[in-house]
Amino acid sequence: FSAFQSLLNLVEHFADRERKLFRMHSSQSSAERQKLVEQFGQSENGVLLMTFKLGAMGLNLQQASVCVILDFWWNAGMTDQAISRVMRYGQTRDVSVYYLSANSAFELELFRVHLEKKQIGQKLMQQEVLETFERKNAASFAGAYYARYPERQRDFLRILIALLDRGPGEIFDRNHGKT
Numbered sequence: 058f059s060a061f062q063s064l065l066n067l068v069e070h071f072a073d074r075e076r077k078l079f080r081m082h083s084s085q086s087s088a089e090r091q092k093l094v095e096q097f098g099q100s101e102n103g104v105l106l107m108t109f110k111l112g113a114m115g116l117n118l119q120q121a122s123v124c125v126i127l128d129f130w131w132n133a134g135m136t137d138q139a140i141s142r143v144m145r146y147g148q149t150r151d152v153s154v155y156y157l158s159a160n161s162a163f164e165l166e167l168f169r170v171h172l173e174k175k176q177i178g179q180k181l182m183q184q185e186v187l188e189t190f191e192r193k194n195a196a197s198f199a200g201a202y203y204a205r206y207p208e209r210q211r212d213f214l215r216i217l218i219a220l221l222d223r224g225p226g227e228i229f230d231r232n233h234g235k236t
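End of the sequence shown = 236 in this note's numbering, gap-free, step of one.
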């Protein structure tokens, strides 16, 4: 995978001629791309060249066992999407992922930004999972409260609306576990 067609052109020019080379580009129809993927999957030792942008378009490349990232792109998600095309559900082989780098200050900075973005994304996901878990537990508590005291429907609705508006932490912390 590469962000640049020009780099793929260079790879294509210098590629080992003993390997079957497949090139996917945006001017191909989806049917042509699918046929190319099938041919690649049937090849013994094929190489499939494409950009990150095409690699993020829902392709399944379980036929591959090696993924080479030829350059870094600003958007780490594009790189992750490309790798995910090979590491899909149904993949039966071990997959090796290689990043090629010119070891320039620019590429090292891009790599640092990628790592930083991934760490931020992981923290956000963990926080979202935790908040969702807290809301579900608090909603279960509110439901149990209503089941035990059906005459307090107004209180139950107040609790439920507050849960949806502010989240359980604010409601239960402020009142020391009481609503």
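Every residue, glycine too, gets a C-beta built ideally from N, C-alpha and C.
*Give a yes or no on whether the C-beta atoms belonging to S153 and V104 are separated by under 8 Å.*
no
*Using a Cβ-Cβ cut-off of 8 Å (strictly less than) and excluding sequence neighbours within five positions of Q62, which residues of its own chain qualify?*
H82 and T108
*Could you tell me if H70 is buried or exposed, where buried requires 16 or more neighbouring beta carbons within 10 angstroms of its beta carbon?*
exposed
*If we count the other Cβ atoms within 10 Å of its Cβ and call it buried at 16 or more, is W130 buried or exposed?*
buried
*Does the beta-carbon of T136 have 16 or more other beta-carbons within 10 angstroms, so that it is buried, or is it exposed?*
Classification of T136: buried, given that the 10 Å Cβ count is 16 or more.
*CA-CA distance, N132 and V125?*
17 Å
*Proximal residues to A88 (C-beta, below 6 Å), its chain only, five neighbours per side dropped*: none
_DSSP state of T108 mapped onto helix, strand, coil_ = strand
*Bridge partners of S153, per DSSP?*
Here S153 is bridged, per DSSP, to V123.
*Can you tell me which of D128, F58 and Q183 puts its alpha carbon nearest to the alpha carbon of S161?*
D128
*asked:* Could you compute how far the alpha carbon of A72 sits from the alpha carbon of F79?
replied: 11 Å
_Close Cβ partners of K235 (< 6 Å) along its chain, the five nearest in sequence each way excluded_ = Note on K235: pLDDT 47, under 50, position unreliable in the model; no value is reported.
*Among the residues of its own chain, which have a CB less than 8 Å from the CB of V68, if the five just before and after it don't count?*
Around V68, the same chain offers S59, L106 and L127 as residues with beta carbons nearer than 8 Å, after the five sequence neighbours per side are excluded.
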